[in-house]
Amino acid sequence: GDKLQRLDFRTKVWDRRMGEYLVDLEKKKPVIFCGDLNVAHLDSDIWNVGAKHLAKSAGTTPEERQSFSDLLALGFVDAFRRLNPGAAGWFSYWSVR
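Numbering-wise, the working numbering puts 16 at position 9 of the sequence shown, and it's gapless, one number per residue.
Quick look at the structure:
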């Protein structure tokens with residue numbers, strides 16, 4: 008798997024601070040937080056969901072997936088999933104490794 012040297016920082020510091028910032032900002036004005044967040048949140052976001060290496064690969068660790076769920080729990084929406092709830096096989100990234 009990947010070295011995941013920044014996993015704890017990503018999930019315990021950066022993601023949490025970003026969530027806090029977005030919640031605070033939303034008190035002042037509407038917020039759209041968009042971009043490639045480098046996480047495959049749901050099983051349907053992963054083409055090889057049964058692969059054993061996923062739990063140790065950046066973007067598909069249980070910690071990152073839970074952290075994204077935590078962000079959504081703050082009241083934010085995964086717009087792709089909202090508009091395409093049953094979509095399967097639609098991927099924005101494909102590793103050639």
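Cβ coordinates follow ideal geometry from the N, Cα and C atoms, glycine included.
Using a Cβ-Cβ cut-off of 7 Å (strictly less than) and excluding sequence neighbours within five positions of residue i, which residues of its own chain qualify?
| i | result |
| --- | --- |
| E33 | none |
Can you tell me the Cα-Cα spacing of residue i and residue j, whole angstroms?
| i | j | result |
| --- | --- | --- |
| D43 | A58 | 22 Å |
| A47 | I53 | 6 Å |
| F40 | T67 | 20 Å |
| L79 | A62 | 21 Å |
| F16 | V30 | 20 Å |
| T18 | P69 | 10 Å |
| N45 | K36 | 26 Å |
| A94 | E27 | 30 Å |
| S51 | S76 | 14 Å |
| L49 | F83 | 16 Å |
Secondary structure at residue i, three-state DSSP: helix, strand or coil?
| i | result |
| --- | --- |
| F75 | helix |
| P37 | coil |
Beta-carbon within less than 8 Å of residue i's beta-carbon, same chain only, minus the 5 sequence neighbours each way: which residues are those?
| i | result |
| --- | --- |
| N91 | W97 |
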